[in-house]
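**Q** Starting off with a structure, shown below.
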Amino acid sequence: MSLLESIQSPADVKRLPRSRLPELAAEVRKLIVEVVSHNGGHLASSLGAVELAIAIHYVFDAPQDKVIWDVGHQAYAHKILTGRREAFPTLRRHGGLSGFTRRGESPYDSFTTGHSSTSISAGFGMACAKALKKEDAKVVAVIGDGSLTAGIAYEGLNQAGGIPKRDLIVILNDNEMSISRNVGALSSFLSRTFSAKKLQELRRELGFFFKKLPRIGEDIYQLAKRTEESFKSFVTPGMLFEAFNFEYFGPINGHNIDHLIDILNNIKYIREPVLLHVSTTKGKGYAPAEKNPVYFHGCGAFDADTGTCRERKPAAPTYTEVFGRTLLELAAKDSRIVAVTAAMPEGTGLSAFAQAYPERFFDVGIAEQHAVTFAAGLAAEGFRPVVAIYSTFLQRAFDQVMHDVTLQDLHVVFVLDRGGVVGADGPTHHGALDLSYLRCIQHMVVMAPKDEQELRDMLFTAVAYEGPVALRYARGNALGVPVRPGFQRLEIGKGEVVRKGTDVALLAIGSMVHPALKAAELLSHDGIDAEVLNMRFVKPIDEDLLRSVGSRFKNVVTIEENVTDGGFGSAVLEGFARLGITNVAVRLHGLPNEFVEQGTPAELLRLLKLDGPGIAEITKAFLSETHSQPSLGTVHQ
Ligand SMILES: Cc1ncc(C[n+]2csc(CCOP(=O)(O)OP(=O)(O)O)c2C)c(N)n1
Numbered sequence: 001m002s003l004l005e006s007i008q009s010p011a012d013v014k015r016l017p018r019s020r021l022p023e024l025a026a027e028v029r030k031l032i033v034e035v036v037s038h039n040g041g042h043l044a045s046s047l048g049a050v051e052l053a054i055a056i057h058y059v060f061d062a063p064q065d066k067v068i069w070d071v072g073h074q075a076y077a078h079k080i081l082t083g084r085r086e087a088f089p090t091l092r093r094h095g096g097l098s099g100f101t102r103r104g105e106s107p108y109d110s111f112t113t114g115h116s117s118t119s120i121s122a123g124f125g126m127a128c129a130k131a132l133k134k135e136d137a138k139v140v141a142v143i144g145d146g147s148l149t150a151g152i153a154y155e156g157l158n159q160a161g162g163i164p165k166r167d168l169i170v171i172l173n174d175n176e177m178s179i180s181r182n183v184g185a186l187s188s189f190l191s192r193t194f195s196a197k198k199l200q201e202l203r204r205e206l207g208f209f210f211k212k213l214p215r216i217g218e219d220i221y222q223l224a225k226r227t228e229e230s231f232k233s234f235v236t237p238g239m240l241f242e243a244f245n246f247e248y249f250g251p252i253n254g255h256n257i258d259h260l261i262d263i264l265n266n267i268k269y270i271r272e273p274v275l276l277h278v279s280t281t282k283g284k285g286y287a288p289a290e291k292n293p294v295y296f297h298g299c300g301a302f303d304a305d306t307g308t309c310r311e312r313k314p315a316a317p318t319y320t321e322v323f324g325r326t327l328l329e330l331a332a333k334d335s336r337i338v339a340v341t342a343a344m345p346e347g348t349g350l351s352a353f354a355q356a357y358p359e360r361f362f363d364v365g366i367a368e369q370h371a372v373t374f375a376a377g378l379a380a381e382g383f384r385p386v387v388a389i390y391s392t393f394l395q396r397a398f399d400q401v402m403h404d405v406t407l408q409d410l411h412v413v414f415v416l417d418r419g420g421v422v423g424a425d426g427p428t429h430h431g432a433l434d435l436s437y438l439r440c441i442q443h444m445v446v447m448a449p450k451d452e453q454e455l456r457d458m459l460f461t462a463v464a465y466e467g468p469v470a471l472r473y474a475r476g477n478a479l480g481v482p483v484r485p486g487f488q489r490l491e492i493g494k495g496e497v498v499r500k501g502t503d504v505a506l507l508a509i510g511s512m513v514h515p516a517l518k519a520a521e522l523l524s525h526d527g528i529d530a531e532v533l534n535m536r537f538v539k540p541i542d543e544d545l546l547r548s549v550g551s552r553f554k555n556v557v558t559i560e561e562n563v564t565d566g567g568f569g570s571a572v573l574e575g576f577a578r579l580g581i582t583n584v585a586v587r588l589h590g591l592p593n594e595f596v597e598q599g600t601p602a603e604l605l606r607l608l609k610l611d612g613p614g615i616a617e618i619t620k621a622f623l624s625e626t627h628s629q630p631s632l633g634t635v636h637q
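Following this line, the structure appears as structure tokens:
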């Protein structure tokens, strides 16, 4: 029996002699590599946190003690050690274990995560709750150096450091990487401590600097130099965290379980906020991931022996790639175009732009709110910022979009990738809300392309437009339609009829236009002649088309890969209401007002009836409903 087979809960980890823990770590790693090689997942981050998970569960008493894994993408070892080893092969599959931590999944997952940088705030909330309840339990928040680039992390540190006698242990898991190399002043500050050579250089530089200061320089230098430790903390992150009233320890090697256990055993008795700085290697223990941590941050299936990708490259490029290439083409002709990402240059397709135009490319770290206001600043000075952020992450910057961009009518182009279901990452990551949260903002233009040709034209249109404008597209491969050279400027707020019909109108937006066409084809086999409209714009909605639809059809189905509440279908209904069109029955079809679970996008779209056959089925059911009860002017959801 392997060591791992004897582990059903953290109590079994605690029973092992310390000397056997490295063996346990090796077995955990092997299982992680094996499962992720089939299911895909956040391999490199989780491999880097194996020893950390073992040491935490060795020292603390979860679930009474609360452990929060920031983002939760590095928590595979934690899952395996907390009773989920047998279920681990279901990771990220439909109905299986989540790729992040989820309260509903296990009592050991004390907080649901997926979006970054929440662990300190949530952890401090728990610590305060424990104090109010007079419970003697510890709260441990594990946060990566990438996640520490978000403002909310400092809001948490600030509050935690301001209220005395609250226990919170923050473990900074520092691998010098976000998804890509970490960015910004903080990352270079943190990494200063890791090289003795660098420390010496710095000491020398600072020495020269201080000595040159008139009168007080020599004194400051002597003060700082008095002991090695004080000098170290003078130039190390200790200084930063101590300013927040945290007791700082580290940096220590995060792969040395013995050392980790010793230090955790010591700090768990401190009744003040503590920050333990741990140095780890992303991808640790699996050579391909250590070599290419960016690729293995979140990868698809791969061959575990060689580390090569198993997925065959499909013929059509992804929408992300089409966006990246198109932006390059446009940027070559317009030097006002600048690009902004929040720590996701690869994921949003901006890597080539970053290489071609390093001075016009800005990676702001995991700081979506800042990204938007920063872009507003660029726009205020006459640049044309293209802010590429996943739909789910732009949720964080709602107020910035309104207050800093639309209120001032600044020309910022928002490009939302992953609009709609994203697949295995599940409910934290589905882009289910953007059509709703963008279309309610004054002055915003919101559009969604039906294919890659339209994406190109929409980006061109958005860059040429003067004012706040957003376009959103789905995750995955485009349709493979032929793409003509050059660009066509689209008329704002104008859609098109893509299939003529007489019995029912299918009004679709973006990724749903093609499935709607398929549905129309299927419906024709049943003698139903459906018209399909590619509405292109959610805001402004094409009122001429709505008028035409209202005059010709009694039954309308709206189709969107967004929740129907406040989304595209709502825009159609509001349009009908404005135009006084009351004699149509409307079926709103889209994502439910529920959290959609994980699964492959195709699987989820099928289950949600948002593929061709599903839309045909919904339409048929709707038509038979309205035929049996011809109540006009009704809304069906
Ligand atoms: C708000 C938000 N923006 C972007 C992401 C995408 N994302 C997931 S993990 C990650 C990098 C995290 O880096 P770090 O915290 O250092 O963890 P590591 O993977 O290096 O262990 C990013 C940008 C996210 N999860 N949440």
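Numbering (our numbering), first residue to last: 1 to 637.
In this text, a Cβ means the ideal position worked out from N, Cα and C, and glycines have one as well.
Does DSSP put V596 in a helix, in a strand, or in coil?
**A** Looking at V596 - three-state DSSP - the assignment turns out to be coil, as it is neither helix nor strand.
**Q** Could you give the DSSP three-state label for V305: helix, strand or coil?
**A** Residue 305 is actually Asp in this sequence, not Val. DSSP places D305 in coil when its eight states are reduced to three.
**Q** Ordered along the chain, which non-local residues of its own chain (more than five positions away) have a Cβ less than 7 Å from that of V497?
**A** So the qualifying residues of the chain are E531, L533.
**Q** DSSP on S9, reduced to helix/strand/coil?
**A** S9: coil per DSSP, three-state reduction.
**Q** Just to confirm my understanding: we take D258, look at its own chain, exclude 5 residues before and 5 after, and list those with CB closer than 7 Å. What are they?
**A** R18.
**Q** Assuming R310 and F302 make a contact with CB atoms under 8 Å, what is their CB distance in whole Å?
**A** That belief holds up - the Cβ atoms of R310 and F302 are roughly 5 Å apart, short of 8 Å.
**Q** Between L437 and S391, what straight-line distance do the alpha-carbon atoms span, to the nearest angstrom?
**A** At residue 437 the sequence reads Tyr, which differs from the Leu that was named. Answer to the nearest angstrom: the Cα atoms are 10 Å apart.
**Q** G419 by DSSP, collapsed to three states: which one?
**A** If DSSP states are grouped into helix, strand and coil, G419 belongs with coil.
**Q** Mapping the DSSP letters down to three states, classify R384 as helix, strand or coil.
**A** If DSSP states are grouped into helix, strand and coil, R384 belongs with the strands.
**Q** Roughly how many angstroms lie between the CA atoms of R472 and N562, to the nearest whole one?
**A** Approximately 11 Å, taken between the alpha carbons.
**Q** Does DSSP classify T341 as helix, strand or coil?
**A** The answer is strand: DSSP assigns T341 an E or B state.
**Q** Taking the alpha carbon of S178 as the point to measure from, which residue in K138, F296, E155 has its own alpha carbon closest?
**A** Checking every option, the nearest Cα to that of S178 belongs to F296.
**Q** P17 bridges to which residues according to DSSP?
**A** Beta-bridge pairing links P17 to no other residue.
**Q** Express the C-alpha separation of E617 and T626 in angstroms, rounding to a whole number.
**A** When rounded, the distance between both Cα atoms is 14 Å.
**Q** Can you give me the C-alpha to C-alpha distance between M344 and D457, rounded to a whole angstrom?
**A** Using only the alpha carbons, I get a separation of about 24 Å.
**Q** Hey, could you find the ends of the beta strand (DSSP E) T558 is sitting in?
**A** Run containing T558: 555-563, per the beta strand (DSSP E) assignment.
**Q** Which residues mark the beginning and the end of the alpha helix (DSSP H) in which Y154 is found?
**A** Its alpha helix (DSSP H) spans residues 151-162.
**Q** Buried or exposed: where does E359 fall if 16 or more other Cβ atoms within 10 Å of its Cβ makes it buried?
**A** Burial call: exposed.
**Q** Quick one, which of E321, D544, P385 has its alpha-carbon nearest R336's?
**A** The option with the nearest alpha carbon to R336 is P385.
**Q** Where DSSP assigns a beta bridge to M177, which residues make up the other side?
**A** According to DSSP, which records beta bridges pairwise, M177 is partnered with R181.
**Q** Classify A49 as helix, strand or coil using the three-state DSSP reduction.
**A** Note: A49 maps to coil in three-state DSSP.
**Q** Can you have a look at H525 and say buried or exposed, based on whether 16 or more other CB atoms are within 10 angstroms of its CB?
**A** It is exposed - the Cβ of H525 has fewer than 16 other Cβ atoms within 10 Å.
**Q** Closer than 7 Å: is that where the CB of H430 sits relative to any heavy atom of ligand 1?
**A** Every heavy atom of ligand 1 is 7 Å or more from the Cβ of H430, so no.
**Q** Any heavy atom of ligand 1 closer than 7 Å to the beta-carbon of I32?
**A** Result no, Cβ not under 7 Å from ligand 1.
**Q** I need the boundaries of the beta strand (DSSP E) containing K539, first residue and last residue.
**A** Per DSSP, K539 belongs to the beta strand (DSSP E) from 537-539.
**Q** Let me confirm a value: Y76 is counted as buried when at least 16 other C-beta atoms fall within 10 Å, else exposed. Which label applies?
**A** The residue in question, Y76, is buried, as its Cβ has 16 or more Cβ neighbours within 10 Å.
**Q** Are the stretch 30-48 and the stretch 265-285 touching by the rule of at least three beta carbon pairs closer than 8 Å?
**A** Counting Cβ pairs under 8 Å, three or more are found: they touch.
**Q** Report yes or no: do three or more beta-carbon pairs, one from the stretch 63-76 and one from the stretch 110-118, lie closer than 8 Å?
**A** Contact holds: three or more Cβ-Cβ distances are below 8 Å.
**Q** Output the distance between the C-alpha atoms of A196 and T236, rounded to the nearest integer angstrom.
**A** Here A196 scores only 47 on pLDDT, less than 50, and its place in the model should not be relied on; the value that follows carries that caveat. Approximately 12 Å between the Cα atoms of the pair.
**Q** Does the structure place the stretch 372-379 close enough to the stretch 425-439 that three or more beta carbon pairs sit under 8 Å?
**A** No, the stretch 425-439 is not in contact with the stretch 372-379.
**Q** Does the beta-carbon of G567 have 16 or more other beta-carbons within 10 angstroms, so that it is buried, or is it exposed?
**A** The residue in question, G567, is buried, as its Cβ has 16 or more Cβ neighbours within 10 Å.
**Q** According to DSSP, simplified to helix, strand and coil, what is A265?
**A** It is Asn, not Ala, that sits at residue 265 in the sequence shown. N265 falls in the helix class under three-state DSSP.
**Q** Within 10 angstroms of the Cβ of D409, are there 16 or more other Cβ atoms? Answer buried if so, exposed if not.
**A** Its Cβ having fewer than 16 others within 10 Å, D409 is exposed.
**Q** With hydrogens ignored, establish whether the beta-carbon of S624 is closer than 7 Å to any heavy atom of ligand 1.
**A** It does not: the Cβ of S624 is nowhere closer than 7 Å to a heavy atom of ligand 1.
**Q** Just the C-alpha distance for P314 and K79, rounded to the nearest angstrom, thanks.
**A** So the two alpha carbons sit approximately 33 Å from each other.
**Q** From T428 to G146, what distance separates their C-alpha atoms?
**A** So the alpha carbons of these two residues sit roughly 18 Å apart.
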